[in-house]
Amino acid sequence: MGDTNPVEVSCLDTNKAWELFKEKVGESILGSHIGIPKLARKVAEKCHGLPLALNVLGETMSSKDTIQEWRHASRENAFDEGYSIISSLLRACLLLEEPVYKVQVKMHDVVREMALWVASDLGEHEGRYTVQAGVGLREIPEVESWVPVRKISLMDNEIKELSGSPCCPELTTLLLQENKLLIQCIASENVIGCLEIPWLVRHTNRATACWFTGVMLICLNLESTLRLDNVSGISKFSRLRRLGLRNSYTKLDMSLLEELQLLKYLQVVTIGINSCLVAEKLSNYDRVVKCVKKLDYNDLQDESFRVLTLPTMDNLCDLEIEKCGMVEIKAEGAATSLWNRSPTSPSFLNLSTVGINYCNRLKDLTWLLFAPNLTILNVGHSNQIEYIISQEKATNGIAVAGCPNLRKLPLDSKSVATVEGFVIESPHSYWKENIEWEDEATKLRFQASWSPFRIGR
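The sequence shown begins at -16 in the numbering used here and counts up by one.
Next up, the structure:
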C-alpha cells in the first residue's frame, strides 16, 4: 500500500490466545459438557493466535453447548480456511464465479496455464502434470515420458479404454470421471510385487492391456463412468485416500465393501448402493462408513426390506434415495422425542443436501431431525409422504412435487430470519389449503409465501 514504516503485529501466545477465546465463549458453555474444554482448546489453537479469528470463532461458539457441535467446529475451521482462500482468489480475478447460481468457480485458460507452470516449479518439472479435461479426447494423449507424471486429469472426455502400458511410478492422482470407460486393467506395484487389477464391464470376458505399472494412487475419481462395471482389486492401492464412484455403473457390493475396509488411509468415498444386503450390513464396516461423503440408495425394492437404517456418517454431505420400497428410514442409534421434536444426538452434522424420489411407501421423514445443518431438501413423486418434521429452522430450499398426501412442512413461527423473498411452491393449488400449520402464527407468517411450483429463496 506504499507505507514506508510498516509495523509488525505479532500473534498472541498460546496462553493469551486461550484466555481471549475462553472469554468470548463463556464459562457456562465451557462447563456444559466435560469434553468441551479439551475441544475448545483445539479450536482455539487452529486460530494460530490471530485475535480477529479468536474473537469471531469464540463468539460463534458461545451458543454451542453440545459436544457434537464442538466436534463439528474442529472440522469446520478447515472448510472455512478453504472458502477464505477461494474468496481471495475470486477477488483477485484468479478464479471466475459461475454467473447464475454462483456455486461453482473455474479458472480462465491463461490463469490455468500459469497455475500449472507454478505447480511445476516454474517449468522446471513440466512433465509432472497431465491435464486435458473436457477437450473431447477419444484416447489417452501422447506423453513424451510417463515416468515423472504425478497427477493426471482427463475428466469429461470420450475415452473408452486405457491403451498401452505406461510406467508411472510417481502417479498419485488419476481423474477419469465422466468418460465412457469400457474395460480397464491396472497394475500396481508395492513391496510384495506387481499386482494386476482387472476392471471388467458386464457382458465382457476379455481384458485390455495393463495400464499404469508401479502406481501408488492417493486419489482416484471414476464418477459418472456409466459403463464401468466393477473395481475389484482396488484394495491393492494401499495408499488410496479418495475414491469417486458416484453415478458410475459400479455399486457398493459386499466384495467391494470388504476391500474398502482394508484401505487404512481412506478418507473420502462417493458411491451408490442398490443392494438391500449391503444397505443392512454397511454399519458393520466402520472404516468405510466414516469416509462416505456422497451416497445414493437406488432400487431397494425387496418386499422384506421395510426399514432403511442409516449408520452415523459424520462426513456425509449429500444423500440421494430413489426408487426404494422401504416404509421407514431411521438413524442408527438415535433416539427421538416426537413431542418436542429434538434429537438427543445428531448423526449427520455435515449433511446439507437430501433428495428423495419415487419412494412410494414412505410416509414421513422424521429421521431428518438428525441432520441439523440440512439446507436443501428435494422430495418428489413419493405419494404416501404426509409429514416432514425438523427441529431446525426451515431449509433454504425445498421442492415438492407428486406428493399429494404431504400435510406438514418443517416450519414454525420462528423459522427463517425474514420471510421477504422466501417462497413456498407446489404445482397444486389445493395443496396450499390442506397444509397443517404448526399454529396460527406460523400460518400467518408463511401462507402468503405460497407460489406455484417452487419452494425456496
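Here a beta-carbon is modelled for each residue, glycine too, at the ideal position from N, C-alpha and C.
In this structure, I50 sits away from H91, with a CB-CB distance that is not shorter than 8 Å. At least 8 Å separates the beta-carbon of T253 from that of C202. Linking L249 to V130 through their CA atoms gives a straight-line distance of about 25 Å. In the pairwise beta carbon analysis, the region 225 to 233 is classified as not touching the region 260 to 271: fewer than three pairs are separated by under 8 Å. Boundaries for I304: no alpha helix (DSSP H) harbours it, while the beta strand (DSSP E) harbouring it runs D301 to E305, taken from the DSSP string.
Nearest in C-alpha terms to T349, of all of V310, S258, D422 and V114, is V310. For F353, the closest of S71, P294 and E81 by C-alpha to C-alpha distance is P294. DSSP, reduced to helix, strand and coil, places E369 outside both helices and strands of the structure shown, so it counts as coil. I19: not part of any beta strand (DSSP E); member of the alpha helix (DSSP H) spanning I19 to E28, first to last residue. In the three-state reduction of the DSSP assignment, R225 falls in the strand class, which pools E and B.
When secondary structure is reduced to three states using DSSP, N38 falls in the helix class. Note that the region 81 to 89 does not touch the region 105 to 114; fewer than 3 beta-carbon pairs, one per stretch, sit closer than 8 Å. Counting other Cβ atoms within 10 Å of its Cβ, K277 reaches 16 or more and is therefore classed as buried. Shown here for D297: same chain residues with a beta carbon closer than 7 Å to its own, the five before and five after excluded, namely K273, L332 and N333 in chain order. Around the beta carbon of Q160, 16 or more other beta carbons lie within 10 angstroms, which makes this residue buried.
When the beta-carbon positions are compared, L35 and K7 stay at least 8 Å from each other. In this structure, L120 lies near E141, with their beta-carbon atoms less than 8 Å apart. For L351, the closest of W1, N343 and L360 by C-alpha to C-alpha distance is L360. Put simply, the backbone Cα of S128 is about 24 Å away from that of L205. The beta carbon of E421 sits closer than 6 Å to those of D395, all from its chain and outside the five residues before and after it, given in chain order.
Secondary structure of V101 (DSSP, three-state): helix.
The C-beta of I68 has fewer than 16 other C-beta atoms within 10 Å across all chains shown, which makes the residue exposed.
When rounded, the separation of the alpha-carbon atoms in F220 and L226 is 11 Å. Non-local C-beta neighbours of L13 in its own chain, meaning closer than 7 Å and more than five positions away in sequence, comprise K5, I19, P20 and A23, ordered along the chain. Sixteen is the threshold: when 16 or more other Cβ atoms of the shown chains lie within 10 Å of the Cβ of S365, as they do, the residue is buried.
Boundaries of the alpha helix (DSSP H) around T(-3): T(-3) to V8. The alpha carbon of S287 has as its nearest neighbour, out of R270, C307 and D269, the alpha carbon of C307. A distance below 7 Å between beta-carbons, with the five flanking residues on each side excluded, links N343 to the following residues of its chain, in chain order: S365, N366 and Q367.
DSSP, read as helix, strand or coil, puts E423 in helix. Contact between C(-6) and L33 holds: CB atoms are separated by about 6 Å, below the 8 Å threshold. In the DSSP assignment, K264 falls within the unbroken alpha helix (DSSP H) covering C259 to K264.
If you ignore the 5 residues before and after M138, its C-beta comes within less than 8 Å of the C-beta of A116, G117, L158, L159, Q160, E161, N162 and N204, all in its own chain and listed in chain order.
Distance between S215 and L239, taken at the CA atoms: about 7 Å. For L351, no beta strand (DSSP E) run applies, since DSSP gives it neither H nor E. Only residues of its own chain outside the window of five on either side were considered, and among them Y112 have a CB closer than 6 Å to the CB of L99, listed in chain order.
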